[in-house]
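The structure appears right after this line, and notes come after that.
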Amino acid sequence: MNIYAVHLITFSPTHTSKQVGEAIVRGTSISEITKTDLTLRPVGKLEIPENTLTVITVPVYGGKVAPLALERMKDIHTSGAPAVLVVVYGNRAYEKALAELDAFASERGFKVIAGATFVGEHSYSTEQNPIAVGRPDADDLRFAETFGAKIRTKIEAAADMDKLYAVDVSRIQRPRQAFFPLFRFLRKVVKLRKSGVPMPRIPAVDAELCNHCGYCAAHCPAGAIAKGDECNTDAEKCIRCCACVKGCPQKARTFDTPFAALLAACFKRQKEDRIIL
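Quick note: UniProt numbering has the sequence shown finishing at residue 277, numbered continuously throughout.
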């Protein structure tokens with residue numbers, strides 16, 4: 001069978017998930033492409049045609065799909081369109097995020113024919129505490145394109161939609177994880193939480209560096225920063241994606257959490273991207 005259209009749906013505050021999704025779409029070589037970026041606003045009601053391949057890429061926060069991504073996708077529906085589900089995580093763990101996304105997509109009528117877990121630079125990564133810096137890199141994106149080509153081959157090999165088989169994403173191969181770094185991380189996290197050290201809830205702003213250019217307000221997915229009041233962040237809305245930190249032209253924003261040092265120290269070994277189809 002042939003599918004002549006692909007719809008890329010992304011939620012990507014720091015552009016890692018978007019890069020992976022675009023590479024997968026390129027790999028399919030499908031020419032008719034629609035893109036829906038949910039990062040800054042919900043799409044509203046959207047019905048995906050059955051003959052359209054849908055690629056959904058989202059980031060993982062704390063082992064779960066970013067809640068705001070799910071909220072903004074809640075009104076997307078279909079009647080059996082094939083879907084590729086991708087979660088992008090910061091080199092620690094994606095836990096049950098892919099299974100969570102699978103359940104969410106299946107409830108909305110998608111037929112999940114492939115899944116993947118990719119590594120992207122962690123939101124907390126800094127020069128002092130690098131965590132998967134620069135990922136997805138060129139190798140990751142080539143792997144994503146190859147994945148897209150394999151998806152196209154799978155679709156073409158099926159006689160019809162009924163023969164295009166679904167996958168159980170829980171069977172995806174897990175990336176290798178050394179025991180002792182993970183044990184050290186968990187032990188230090190417990191110690192940190194018991195210490196009572198206050199954790200930052202929002203990025204800090206250097207008022208002397210901030211020139212109120214409005215970049216952070218325009219690029220905050222949660223609307224936690226108001227134009228003209230860039231030195232303040234609404235703690236109730238902030239999702240700690242650090243889009244404002246990584247994108248600030250003046251480097252006026254920082255998110256100094258002790259978890260960054262723990263992640264950088266305990267997860268130096270780069271994990272592998274994994275796919276299932």
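Even glycine gets a Cβ: it sits at the ideal position worked out from N, Cα and C.
All figures in this text were calculated on a predicted structure; none of them were measured in a lab.
Under 8 Å Cβ to Cβ from residue i, same chain only, skipping five residues before and after it: list those, please.
i: residue 177; result: 93 and 271
i: residue 134; result: 121
i: residue 30; result: 3, 4, 5, 6, 53 and 152
i: residue 99; result: 169 and 170
i: residue 197; result: 258
i: residue 337; result: Nothing can be reported for residue 337: it is not among the residues displayed for the chain, which extend from 1 to 277.
i: residue 242; result: 13, 14, 123, 124, 203 and 255
Roughly how many angstroms separate the alpha carbons of residue i and residue j, rounded to a whole number?
i: residue 155; j: residue 107; result: 22 Å
i: residue 14; j: residue 162; result: 37 Å
i: residue 229; j: residue 252; result: 14 Å
i: residue 200; j: residue 255; result: 7 Å
i: residue 222; j: residue 59; result: 15 Å
i: residue 186; j: residue 204; result: 26 Å
i: residue 189; j: residue 96; result: 20 Å
i: residue 47; j: residue 72; result: 14 Å
i: residue 175; j: residue 68; result: 26 Å
i: residue 76; j: residue 64; result: 20 Å
i: residue 33; j: residue 66; result: 25 Å
i: residue 90; j: residue 210; result: 28 Å
i: residue 25; j: residue 191; result: 43 Å
i: residue 167; j: residue 87; result: 16 Å
i: residue 118; j: residue 227; result: 34 Å
i: residue 269; j: residue 129; result: 14 Å
i: residue 12; j: residue 146; result: 21 Å
i: residue 193; j: residue 262; result: 13 Å
Beta-carbon within less than 7 Å of residue i's beta-carbon, same chain only, minus the 5 sequence neighbours each way: which residues are those?
i: residue 150; result: 277
i: residue 279; result: Beyond the ends of the chain as shown, which are 1 and 277, falls residue 279; an answer cannot be given.
i: residue 85; result: 56, 98, 101, 102, 105, 112, 115 and 169
i: residue 110; result: 54, 78, 81 and 83
i: residue 157; result: none
i: residue 224; result: 233, 234, 237 and 238
i: residue 244; result: 203, 216, 219, 220, 225 and 253
Output needed for residue i: all residues of its chain with C-beta closer than 6 Å, excluding positions within five of it in sequence on either side, in chain order.
i: residue 202; result: 233, 235 and 238
i: residue 36; result: 9 and 43
i: residue 50; result: 79, 80 and 81
i: residue 207; result: 231
i: residue 212; result: 230
i: residue 23; result: 141, 144 and 145
i: residue 181; result: 266
Whole-angstrom Cβ separation of residue i and residue j, contact assumed at under 8 Å?
i: residue 39; j: residue 136; result: Between residue 136 and residue 39 the Cβ distance is about 17 Å, and since that is not below 8 Å, they are no contact.
i: residue 274; j: residue 173; result: 5 Å
Using the rule of at least 16 other Cβ atoms within 10 Å of the residue's Cβ for burial, across every protein chain shown, is residue i buried or exposed?
i: residue 19; result: buried
i: residue 183; result: exposed
i: residue 148; result: buried
i: residue 61; result: buried
i: residue 27; result: buried
i: residue 132; result: buried
i: residue 142; result: exposed
i: residue 195; result: exposed
i: residue 159; result: exposed
i: residue 140; result: buried
i: residue 264; result: buried
i: residue 179; result: exposed
i: residue 138; result: exposed
Determine, for residue i, whether the minimum Cβ-Cβ distance to residues of chain D falls below 8 Å.
i: residue 124; result: Looking at the structure shown, chain D is missing, and only one protein chain is on hand.
Three or more beta-carbon pairs under 8 Å between the stretch 201-220 and the stretch 248-255, yes or no? yes
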